[in-house]
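Enquirer:
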Amino acid sequence: MLLRLAWRNVWRNRLRSSIMVAAMVFGLLGAVLMSGFVIAMTNSMIENAIKYQTSHLQLHNPKFIVGEELAAWLPEADGLATQIRQQPGVAAVTVRQLVDGMLASAASTRGVRINGIDLEQEVAVTALAESLAEGGLLPADGRNPIMVSRRNAERLNLRIGSKVVLTFTDAGGEVTGAAFRVCGFFKTPLSGFDDANVYVRRSDLAGLTGLDQAHELAVRLESDALSDQVKTALVALVGAQATVRDWGEVQPILAAMTASVDQTNSILAAVFMAALGFGIVNIMLMSVFERTREFGVLMATGMTKAKVLTLIIIEALFLGGSGGLLGMAVSWLVLALLGRVGLPFGAMAEGLGVYGVDTVLYPEVPGSYYLSMFALVLVTSLLAAFYPARQILKKSPVEALTERH
Amino acid sequence: MSIVVDQLTRIYNPDTDFPITAVNNVSLEVKPGEFVAVMGPSGSGKTTLLNMLGGIDRPSSGTVRIDDSDITALGDKELISFRRDNIGFIFQDFSLLPVLTAKENVEFVMQLQGRSHVECATRSLQLLNDVGLGDRLNCVPGKLSGGQQQRVAVARALAPKPKFVLADEPTANLDAVTTRDLLDIMQQLNEKEGVTFIFSTHDPRVIERARRVIVFEDGIIKEDRVQ
Chain E
1 MLLRLAWRNV WRNRLRSSIM VAAMVFGLLG AVLMSGFVIA MTNSMIENAI KYQTSHLQLH
61 NPKFIVGEEL AAWLPEADGL ATQIRQQPGV AAVTVRQLVD GMLASAASTR GVRINGIDLE
121 QEVAVTALAE SLAEGGLLPA DGRNPIMVSR RNAERLNLRI GSKVVLTFTD AGGEVTGAAF
181 RVCGFFKTPL SGFDDANVYV RRSDLAGLTG LDQAHELAVR LESDALSDQV KTALVALVGA
241 QATVRDWGEV QPILAAMTAS VDQTNSILAA VFMAALGFGI VNIMLMSVFE RTREFGVLMA
301 TGMTKAKVLT LIIIEALFLG GSGGLLGMAV SWLVLALLGR VGLPFGAMAE GLGVYGVDTV
361 LYPEVPGSYY LSMFALVLVT SLLAAFYPAR QILKKSPVEA LTERH
Chain B
1001 MSIVVDQLTR IYNPDTDFPI TAVNNVSLEV KPGEFVAVMG PSGSGKTTLL NMLGGIDRPS
1061 SGTVRIDDSD ITALGDKELI SFRRDNIGFI FQDFSLLPVL TAKENVEFVM QLQGRSHVEC
1121 ATRSLQLLND VGLGDRLNCV PGKLSGGQQQ RVAVARALAP KPKFVLADEP TANLDAVTTR
1181 DLLDIMQQLN EKEGVTFIFS THDPRVIERA RRVIVFEDGI IKEDRVQ
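Line order of the protein sequences matches chains E and B. If you read the first sequence in the numbering used here, its first letter stands for residue 1, the second for the next number, and so on. If you read the second sequence in the numbering used here, its first letter stands for residue 1001, the second for the next number, and so on.
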């Protein structure tokens, strides 16, 4: 009977309770959407970083990590790559020679990292082929082909077939350079990466630097989840000759942002719960104050204070639970829809590109998020019931009976 | 169950410059099965007296003994249990729970006693039939007239099988015909269930039906007569 009484009490003022439930639905939808957006943004950043830039794991000469010097090459890099390919969980490995230099056209000059790659290896590890925006990938023959990003092509006023000059320091410490011909433009979601990288054949670069060595091994794994396991195996394999780092160590800022997602979502949930709590306190205060005499009658006829408290708590839980359930259902539907069609952010492409975020995001939250939000709604409702209940419970039956609102 | 009131006093705002003595050193005894009207003008202290008899207000001094229990000495929890099991209340404004049907209103107090659903259902049906509302069981108070609501309140007061019923101006909001019907019902139940009824009233229609009339004025008993 207590449950029935509480449920009917909640809905005796339908308009007021409906407004509260609607406020909870919209509030929850906002909190879930924001969390879904933050998760989607972070996932997009990580996926793009792994796909286009860092791969799952990278190996370098420890000195290269400190100074990125040409001389800090990885001994026996190709042999090491062959060994790594045989490790369980490894999908592909690419070997790169890296040199920092200047890219110059007739129009302008930019500082870039020159990636000397073996195309076949590279496309097996990164999404270079997918990111081809115009022209073609590096050909196997022909003199000094180069791939530049579309952003740099626009800045340097380049077209397919344009000639550019790369200048850098060779292994002997002398400034050297050579003319390259643009064979293709690439465009990744990472604008910072696009600004700072060009691709040439590793053999061409080795000929110019006078260094037939590599500085970087990038490893793609069969699954993201294997990262720790394979990293441990590779550390054991390479010993002190190379440092093995995962994407989080290569991109510490991105790793820190990822780690803060839970914190961000907790703050969003806390703000929502605070607003919800005050809303329920307000509704329950109005509800119990206008029923003060009714509570007096209940107490006079033998209802204990514990039962009065239970009644008020159940009412708050019903109110919060109704809003919570409906809010979760609406949020789930909206997220399911947006998860299919995506949220377009094309107008913010420039800004999102800096962080490596796609221009279409597919908000998502894990199933456990709904459960924990619903549990939080119930806990907040429970806590919000105590203050209004206290206002009634501190009255004696005769005080409650004689009070008029 | 007899009620013995001994030198009962209730002073409001006792520590202020303007204390109000609502009940002043009243002593009386009500025997089992009596049908008593406490009459007097508004502000005479009738309701305060009934509140103390019912254990919903505590006296400034004096005692209320119901059989062997001094209810003024009971703690809050014991008093709630005592009220629940021994006293029925009827209020001037009916004070039914508006979200419950007539039957649920009657059952609710029995459920507070922990009685079984079957017992609650059977007794509520019997009581509502007794008060002539057998065909209005599932109506919420808003769908009932004032007289019907007060009859539900009578059934509710009797539901927990109380030793006595306290009715605070039960006919104040009722017309003559409804008042007569309600008094008939209460008198029958008084005889059938052997329950003591104590009314506060200044309604002459109630007073003429009471078998004992206590005239109350300025917090003291002016007259106590058997009719």
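We treat Cβ as the ideally placed atom computed from N, Cα and C, and that holds for glycine.
With distances taken from CA atoms, which of Gly353/E, Glu403/E, Leu383/E and Ser381/E is nearest Thr42/E?
Expert: When each option's Cα is compared against that of Thr42/E, the closest is Gly353/E.
Enquirer: Beta carbons nearer than 8 Å to chain E: which residues of the region 1105-1131 of chain B have them?
Expert: Per Cβ criterion, the list reads Glu1107, Phe1108, Val1109, Gln1111, Leu1112 and Gln1113.
Enquirer: Suppose the cutoff is 7 Å on Cβ atoms and the five residues either side in sequence are ignored; what does the same chain contact list for Ile314/E look like?
Expert: Contacts found: Leu2, Leu3 and Ala6.
Enquirer: Does the region 175-194 of chain E touch the region 75-86 of chain E, meaning 3 or more C-beta pairs lie closer than 8 Å?
Expert: With a cut-off of 8 Å, the region 175-194 of chain E and the region 75-86 of chain E do not count as touching, because too few Cβ pairs lie within range.
Enquirer: Between Ser1200/B and chain E, is there a C-beta pair that is closer than 8 Å?
Expert: No - not a single Cβ of chain E is within 8 Å of the one on Ser1200/B.
Enquirer: With respect to the beta strand (DSSP E) encompassing Pro145/E, which residues constitute its N-terminal and C-terminal limits?
Expert: Note, Pro145/E: beta strand (DSSP E), Pro145 to Ser149.
Enquirer: In chain B, which residues lie less than 8 Å from Arg12/E when you measure between Cβ atoms?
Expert: Here the neighbours are Pro1098 and Val1099.
Enquirer: From the beta carbon of Asp1015/B, is the nearest beta carbon of chain E less than 8 Å away?
Expert: Cβ-Cβ to chain E under 8 Å: no for Asp1015/B.
Enquirer: Consider the Cβ of Asn1051/B: report whether some Cβ of chain E lies at a distance smaller than 8 Å.
Expert: So yes, Asn1051/B belongs to the interface.
Enquirer: Which of the three DSSP states is assigned to Gly277/E in this structure?
Expert: Gly277/E falls in the helix class under three-state DSSP.
Enquirer: Going by alpha carbons, who is nearest to Ser223/E out of Leu57/E, Thr167/E and Ser17/E?
Expert: The residue with the shortest Cα to Cα distance from Ser223/E is Leu57/E.
Enquirer: Assess contact between the region 267-275 of chain E and the region 303-312 of chain E, defined as three or more Cβ pairs (one per stretch) separated by less than 8 Å. Is contact present?
Expert: The answer is no - the region 303-312 of chain E does not touch the region 267-275 of chain E, with fewer than three Cβ pairs under 8 Å.
Enquirer: What is the rounded straight-line gap between the Cα of Gln1150/B and the Cα of Phe1197/B?
Expert: About 15 Å.
Enquirer: Where Ser17/E and Ser149/E are concerned, what is the direct C-alpha to C-alpha distance, given to the nearest angstrom?
Expert: Cα to Cα, Ser17/E sits roughly 57 Å from Ser149/E.
Enquirer: On a Cα-Cα basis, can you pick out the residue from Arg1225/B, Glu1217/B, Gln1227/B and Val1226/B that is closest to Asn1025/B?
Expert: Of Arg1225/B, Glu1217/B, Gln1227/B and Val1226/B, the residue nearest in Cα terms is Glu1217/B.
Enquirer: Give the single residue among Gly27/E, Ala31/E, Gly79/E and Tyr355/E whose Cα lies nearest to the Cα of Glu216/E.
Expert: Cα-wise, what sits closest to Glu216/E is Gly79/E.
Enquirer: Checking contacts by CB at 8 Å: is Ser1095/B closer than that to chain E?
Expert: True, the Cβ-Cβ gap to chain E drops below 8 Å.
Enquirer: Can you tell me where the beta strand (DSSP E) with Thr430/E in it begins and where it stops?
Expert: The requested residue 430/E does not occur in the structure, where chain E is confined to residues 1 to 405.
Enquirer: Does chain B have any CB closer than 8 Å to the CB of Thr304/E?
Expert: Judged by the 8 Å Cβ criterion, Thr304/E is in contact with chain B.
Enquirer: Among residues of its own chain, excluding the 5 on either side of Ser162/E, which ones have a beta-carbon nearer than 6 Å to its beta-carbon?
Expert: Only Val182 meet the Cβ criterion.
Enquirer: Given this structure, state the Cα-to-Cα distance separating Ser1116/B from Thr1101/B, to the nearest angstrom.
Expert: So the two alpha carbons sit approximately 19 Å from each other.
Enquirer: For Leu319/E, which residues in chain B fall below 9 Å Cβ to Cβ?
Expert: The premise fails here: Leu319/E is roughly 15 Å from chain B at the closest Cβ pair, so nothing lies under 9 Å.
Enquirer: Comparing the C-beta of Arg1010/B with each C-beta of chain E, is any distance below 8 Å?
Expert: Not one chain E Cβ lies under 8 Å of Arg1010/B.
Enquirer: Taking only three categories from DSSP, how would you classify Tyr362/E?
Expert: Three-state DSSP puts Tyr362/E in coil, outside helix and strand.
Enquirer: Just to confirm, is the Cβ distance from Pro1098/B to Val1140/B under 8 Å?
Expert: Yes. Within cutoff.
Enquirer: Closest to His60/E by CA distance: which of Ile50/E, Ala71/E and Lys51/E is it?
Expert: Of the listed residues, the one whose Cα sits closest to His60/E is Ala71/E.
Enquirer: Looking at the unbroken alpha helix (DSSP H) that takes in Lys307/E, where does it start and where does it end?
Expert: Run containing Lys307/E: Lys305 to Val341, per the alpha helix (DSSP H) assignment.
Enquirer: Step through the CB atoms of chain E and report whether any lies within less than 8 Å of the CB of Ile1003/B.
Expert: Taking Cβ atoms only, chain E never reaches closer than 8 Å to Ile1003/B, which makes this a no.
Enquirer: Evaluate Ser1061/B with the Cβ neighbour count: other Cβ atoms within 10 Å of its Cβ, from every protein chain shown; 16 or more gives buried, anything less gives exposed.
Expert: Exposed, since its Cβ has fewer than 16 Cβ neighbours within 10 Å.
Enquirer: Could you tell me whether the region 125-134 of chain E touches the region 88-96 of chain E, where touching means 3 or more Cβ pairs closer than 8 Å?
Expert: Cβ pair count under 8 Å is three or more, so yes.
Enquirer: Suppose contacts are defined by Cβ-Cβ distances below 8 Å. Is Val38/E in contact with Asn265/E by that definition?
Expert: Yes, Cβ-Cβ distance for Val38/E and Asn265/E is below 8 Å.
Enquirer: Distance check for Ile1214/B and Gly1040/B, CA to CA, integer angstroms please.
Expert: Gly1040/B and Ile1214/B: Cα-Cα distance of roughly 8 Å.
Enquirer: Name the chain E residues that come within less than 7 Å of Gly1045/B, Cβ to Cβ?
Expert: What Gly1045/B touches in chain E: nothing, since even the nearest Cβ is about 14 Å away.
Enquirer: Please determine, among Thr1122/B, Glu1104/B and Ser1145/B, the residue with the shortest C-alpha to C-alpha distance to Asn1138/B.
Expert: Selected option, being the one with the closest Cα: Glu1104/B.
Enquirer: Would you list, in chain order, the members of the region 247-260 of chain E that have their beta-carbon closer than 8 Å to a beta-carbon of chain B?
Expert: Those residues of the region 247-260 of chain E that come within reach of chain B (Cβ to Cβ, closer than 8 Å) do not exist; the list is empty.
Enquirer: Per DSSP, Asn1138/B forms a beta bridge with which residues?
Expert: Beta-bridge pairing links Asn1138/B to no other residue.
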